[in-house]
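Accompanying notes for the structure given below.
In the working numbering, the protein residues as written are 1380 to 1559.
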(Lines of atoms letter the chains of each structure in order from A and count residues from 1; the text may use other names and numbers.)
(Lines give C-alpha, C1' and ligand atoms only; values in the text may rest on other atoms or scores of the structure.)
Protein backbone atom coordinates (compact mmCIF):
# COMPACT_ATOMS: atom_id res chain seq x y z
CA UNK A 1 0.00 0.00 0.00
CA UNK A 2 1.33 3.40 -1.00
CA UNK A 3 0.29 7.05 -1.05
CA UNK A 4 -0.83 7.73 -4.63
CA UNK A 5 -0.33 11.48 -5.09
CA UNK A 6 0.73 14.68 -3.43
CA UNK A 7 3.49 15.52 -0.97
CA UNK A 8 3.97 11.90 0.15
CA UNK A 9 3.50 10.26 -3.25
CA UNK A 10 5.01 6.77 -3.34
CA UNK A 11 5.51 6.52 0.44
CA UNK A 12 4.64 3.09 1.82
CA UNK A 13 1.93 2.56 4.40
CA UNK A 14 1.58 -0.38 6.72
CA UNK A 15 -1.70 -2.28 7.00
CA UNK A 16 -3.07 -3.65 10.27
CA UNK A 17 -2.09 -7.19 11.11
CA UNK A 18 -4.87 -9.76 11.15
CA UNK A 19 -8.09 -9.97 9.20
CA UNK A 20 -10.26 -7.56 11.18
CA UNK A 21 -9.79 -4.81 8.58
CA UNK A 22 -9.92 -4.71 4.80
CA UNK A 23 -7.58 -1.98 3.51
CA UNK A 24 -8.80 -0.07 0.47
CA UNK A 25 -6.71 -1.22 -2.49
CA UNK A 26 -4.46 1.31 -4.23
CA UNK A 27 -6.59 1.08 -7.39
CA UNK A 28 -9.81 1.81 -5.47
CA UNK A 29 -8.15 4.73 -3.67
CA UNK A 30 -6.91 6.08 -6.99
CA UNK A 31 -10.43 5.86 -8.44
CA UNK A 32 -11.98 7.48 -5.35
CA UNK A 33 -9.55 10.40 -5.32
CA UNK A 34 -9.98 10.90 -9.06
CA UNK A 35 -13.75 11.12 -8.49
CA UNK A 36 -13.25 13.58 -5.63
CA UNK A 37 -10.68 15.71 -7.47
CA UNK A 38 -12.99 16.15 -10.45
CA UNK A 39 -15.63 17.56 -8.09
CA UNK A 40 -13.61 19.37 -5.41
CA UNK A 41 -10.79 20.62 -7.61
CA UNK A 42 -8.29 20.63 -4.74
CA UNK A 43 -8.00 19.37 -1.19
CA UNK A 44 -6.18 22.47 0.12
CA UNK A 45 -7.36 23.45 3.58
CA UNK A 46 -10.08 20.79 3.91
CA UNK A 47 -11.15 19.32 7.25
CA UNK A 48 -11.40 15.57 6.72
CA UNK A 49 -12.79 12.71 8.81
CA UNK A 50 -11.62 9.16 8.01
CA UNK A 51 -14.15 6.88 9.72
CA UNK A 52 -13.73 3.11 10.03
CA UNK A 53 -10.17 4.23 9.25
CA UNK A 54 -8.32 0.89 9.12
CA UNK A 55 -4.74 1.81 8.12
CA UNK A 56 -5.66 5.48 7.71
CA UNK A 57 -4.78 5.33 4.00
CA UNK A 58 -7.79 7.40 2.89
CA UNK A 59 -7.22 10.24 5.33
CA UNK A 60 -3.46 10.21 4.77
CA UNK A 61 -4.03 10.40 1.01
CA UNK A 62 -6.21 13.51 1.57
CA UNK A 63 -3.48 15.05 3.77
CA UNK A 64 -0.84 14.27 1.15
CA UNK A 65 -2.95 16.20 -1.36
CA UNK A 66 -3.20 19.27 0.88
CA UNK A 67 -6.00 18.73 3.40
CA UNK A 68 -5.43 20.84 6.52
CA UNK A 69 -6.45 18.29 9.14
CA UNK A 70 -7.77 14.74 9.42
CA UNK A 71 -9.59 12.99 12.24
CA UNK A 72 -9.16 9.20 12.18
CA UNK A 73 -11.75 7.09 14.01
CA UNK A 74 -11.13 3.37 14.51
CA UNK A 75 -11.88 0.83 17.22
CA UNK A 76 -9.64 -2.13 16.28
CA UNK A 77 -6.38 -2.16 18.30
CA UNK A 78 -4.17 -3.43 15.43
CA UNK A 79 -5.66 -0.83 13.08
CA UNK A 80 -5.05 1.95 15.62
CA UNK A 81 -1.42 0.85 15.89
CA UNK A 82 -1.09 0.94 12.07
CA UNK A 83 -2.70 4.40 11.83
CA UNK A 84 -0.38 5.81 14.48
CA UNK A 85 2.69 4.20 12.86
CA UNK A 86 1.71 5.62 9.45
CA UNK A 87 1.13 9.10 10.90
CA UNK A 88 4.52 8.97 12.64
CA UNK A 89 6.32 7.71 9.51
CA UNK A 90 4.87 10.63 7.51
CA UNK A 91 5.54 13.15 10.32
CA UNK A 92 1.86 14.14 10.20
CA UNK A 93 1.05 14.34 13.93
CA UNK A 94 0.44 18.12 13.83
CA UNK A 95 -2.33 17.71 11.23
CA UNK A 96 -4.07 14.65 12.68
CA UNK A 97 -6.11 13.41 15.59
CA UNK A 98 -6.77 9.72 16.25
CA UNK A 99 -9.88 8.74 18.18
CA UNK A 100 -10.03 5.18 19.50
CA UNK A 101 -13.61 3.99 19.55
CA UNK A 102 -16.68 3.20 17.54
CA UNK A 103 -17.95 5.56 14.87
CA UNK A 104 -21.39 4.88 16.35
CA UNK A 105 -20.39 6.54 19.65
CA UNK A 106 -19.18 9.84 18.18
CA UNK A 107 -20.57 12.97 19.79
CA UNK A 108 -21.86 16.14 18.12
CA UNK A 109 -19.40 18.11 16.01
CA UNK A 110 -18.86 21.82 16.62
CA UNK A 111 -18.70 22.36 12.85
CA UNK A 112 -19.29 20.21 9.76
CA UNK A 113 -16.43 18.44 8.02
CA UNK A 114 -15.61 19.26 4.41
CA UNK A 115 -14.97 15.63 3.47
CA UNK A 116 -16.05 12.47 5.26
CA UNK A 117 -14.50 9.17 4.15
CA UNK A 118 -16.16 5.95 5.29
CA UNK A 119 -14.99 2.39 4.66
CA UNK A 120 -17.17 0.30 7.00
CA UNK A 121 -17.20 -3.50 7.08
CA UNK A 122 -19.06 -4.87 4.06
CA UNK A 123 -22.60 -6.29 4.42
CA UNK A 124 -23.26 -4.70 7.83
CA UNK A 125 -25.21 -1.55 6.94
CA UNK A 126 -22.85 0.32 9.30
CA UNK A 127 -22.17 3.05 6.75
CA UNK A 128 -25.83 4.01 6.45
CA UNK A 129 -26.36 3.94 10.22
CA UNK A 130 -23.24 6.05 10.77
CA UNK A 131 -24.23 8.62 8.13
CA UNK A 132 -27.72 8.99 9.58
CA UNK A 133 -26.13 9.65 12.98
CA UNK A 134 -23.53 12.07 11.58
CA UNK A 135 -26.27 14.07 9.84
CA UNK A 136 -28.13 14.47 13.13
CA UNK A 137 -24.96 15.39 15.06
CA UNK A 138 -23.75 18.22 12.81
CA UNK A 139 -20.84 16.42 11.12
CA UNK A 140 -22.36 16.98 7.68
CA UNK A 141 -23.13 20.49 6.45
CA UNK A 142 -24.57 21.86 3.20
CA UNK A 143 -21.12 21.92 1.53
CA UNK A 144 -19.87 18.53 2.81
CA UNK A 145 -18.82 15.70 0.52
CA UNK A 146 -19.13 12.09 1.66
CA UNK A 147 -17.33 9.10 0.15
CA UNK A 148 -18.66 5.67 1.12
CA UNK A 149 -17.15 2.33 0.15
CA UNK A 150 -19.49 -0.66 0.30
CA UNK A 151 -19.68 -4.08 -1.29
CA UNK A 152 -20.89 -3.96 -4.88
CA UNK A 153 -24.19 -5.58 -3.86
CA UNK A 154 -25.09 -3.12 -1.09
CA UNK A 155 -27.52 -0.29 -1.78
CA UNK A 156 -27.11 3.18 -0.38
CA UNK A 157 -30.23 5.09 0.61
CA UNK A 158 -29.80 7.60 3.42
CA UNK A 159 -32.52 10.14 4.17
CA UNK A 160 -31.08 13.63 3.78
CA UNK A 161 -28.29 12.59 1.41
CA UNK A 162 -28.31 12.38 -2.38
CA UNK A 163 -26.07 10.16 -4.45
CA UNK A 164 -23.77 12.28 -6.61
CA UNK A 165 -21.95 9.36 -8.22
CA UNK A 166 -21.45 5.59 -7.90
CA UNK A 167 -18.69 3.50 -9.39
CA UNK A 168 -18.00 -0.24 -9.09
CA UNK A 169 -14.41 -1.08 -8.14
CA UNK A 170 -13.52 -4.77 -7.87
CA UNK A 171 -15.89 -6.40 -5.38
CA UNK A 172 -16.74 -3.01 -3.94
CA UNK A 173 -18.58 0.15 -4.88
CA UNK A 174 -17.61 3.79 -4.30
CA UNK A 175 -20.45 6.20 -3.68
CA UNK A 176 -20.16 9.98 -3.44
CA UNK A 177 -22.95 11.66 -1.53
CA UNK A 178 -24.03 15.26 -0.86
CA UNK A 179 -26.65 16.71 1.47
CA UNK A 180 -30.03 16.62 -0.28
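All residues carry an ideal CB built from backbone N, CA and C; glycine is no exception.
Computed from a predicted structure; not experimentally measured.
Is the CB-CB distance between residue 1541 and residue 1495 below 9 Å?
Contact: no.
Quick one, which of 1466, 1412, 1423 and 1503 has its alpha-carbon nearest residue 1532's?
Residue 1503 is the option with its Cα nearest to residue 1532.
So, using beta-carbon positions, are residue 1448 and residue 1426 closer together than 9 Å?
Result yes, Cβ atoms of residue 1448 and residue 1426 sit closer than 9 Å.
Start and end residues, beta strand (DSSP E) containing residue 1529
1519-1530
Where does residue 1393 sit, in a helix, a strand or coil, going by DSSP?
coil
The beta strand (DSSP E) that contains residue 1457, what's its start and end?
It is not in any beta strand (DSSP E) - residue 1457 instead sits in the alpha helix (DSSP H) that spans 1456-1468.
Given a cut-off of 9 Å, decide if residue 1554 and residue 1544 are closer than it, judged by their beta-carbon atoms.
yes
Please name the residue or residues paired with residue 1547 in a DSSP beta bridge.
1552
Measuring CB to CB, does residue 1396 end up less than 9 Å from residue 1457?
Against a cut-off of 9 Å, the Cβ pair of residue 1457 and residue 1396 comes out as a contact.
Buried or exposed: where does residue 1515 fall if 16 or more other Cβ atoms within 10 Å of its Cβ makes it buried?
A residue is called buried once 16 or more other Cβ atoms fall within 10 Å of its Cβ, and residue 1515, having fewer, is exposed.
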